[in-house]
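The numbering of the sequence shown is this note's numbering, which starts it at 27 and goes up by one.
All residues carry an ideal CB built from backbone N, CA and C; glycine is no exception.
See structure below.
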Amino acid sequence: MDAVDRKMLAILQDEGRITLTELAGRLPLSVSRCQRRLRELEAAGVVTGYRTTVDAAAVGLGFEVLVFATLGDLGELADFDRMLADLPQVVEAQRLFGDPDYLIRIVAPDLTAYQRLYDDHLTRLPGKPRMVSTIVMKHVVESRALPLPEKAQARQD
């Protein structure tokens with residue numbers, strides 16, 4: 027990955043709907059070469075997808091909770107992961123080193139809906155999880171573009 031690829035990635039992170047013609051115009055590339063390089067970044071797994079960012083409150087999902095989960099039975103990790111991924115209200119989840127085992131981000135319309143999700147689904151997850159929930163008061167830093175390094179590190183697979 028060279029400086030042109032990094033600039034392409036920076037532009038795409040900020041402007042995911044940019045056309046190939048506009049993108050090529052901001053890079054020292056022809057449209058065909060820009061498309062070829064973008065396809066190479068996609069094939070290499072550097073670009074993993076494209077999405078639209080939606081304001082959760084604007085679509086009725088303004089209640090956000092962070093759940094810290096610690097499993098009592100680590101032998102159930104795979105089942106816990108699978109069942110957690112099946113819950114559409116779970117918009118992000120990371121498995122962590124140390125304690126807790128997971129950080130889970132959940133959206134809901136309101137406290138009542140979250141309580142229903144908690145009672146009906148979260149408490150029934152495998153692994154006998156101990157969960158601590160905290161309500162998000164305010165987003166200080168929204169999800170943002172990655173700060174791309176000057177020299178990209180080679181991927182270790």
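**Report entry** 8 Å contact criterion, which H147 and L113 should meet: CB distance rounded
**Finding:** Within the sequence shown, the letter at position 121 stands for residue 147. Within the sequence shown, the letter at position 87 stands for residue 113. Rounded, the Cβ-Cβ distance is 6 Å, consistent with contact.
Query - Local Cβ density within 10 Å of F106, reported as buried at 16 or more and exposed below that - result: For the purposes of this step, residue 106 is identified with residue 80 of the sequence shown, where counting begins at 1. F106 is buried by the Cβ-count criterion.
Query raised in the report: Hey, out of A119, A139 and T138, whose CA is closest to I130's CA?
Result: Within the sequence shown, numbered from 1, the residue matching residue 130 stands at position 104. The candidate whose alpha carbon is nearest that of I130 is A119.
Requested in this report: With DSSP collapsed to three states, give me the class of T96.
Outcome: Locating residue 96 in the sequence shown gives position 70, counting from the first residue. Of the three classes helix, strand and coil, the one that applies to T96 here is strand, per DSSP.
Requested in this report: Using alpha carbons as the reference points, say which of M109, F89, F123 and V30 lies closest to T21.
Outcome: Not covered by the structure: residue 21. The range shown for the chain is 27 to 183.
Query - For R248, the three-state DSSP class (helix, strand or coil) - result: Since the displayed the chain opens at 27 and closes at 183, residue 248 lies outside it and no answer follows.
**Report entry** Residues bridged to Q115 (per DSSP)
**Finding:** As a working mapping, residue 115 is identified with position 89 in the sequence shown. According to DSSP, Q115 bridges with nothing at all.
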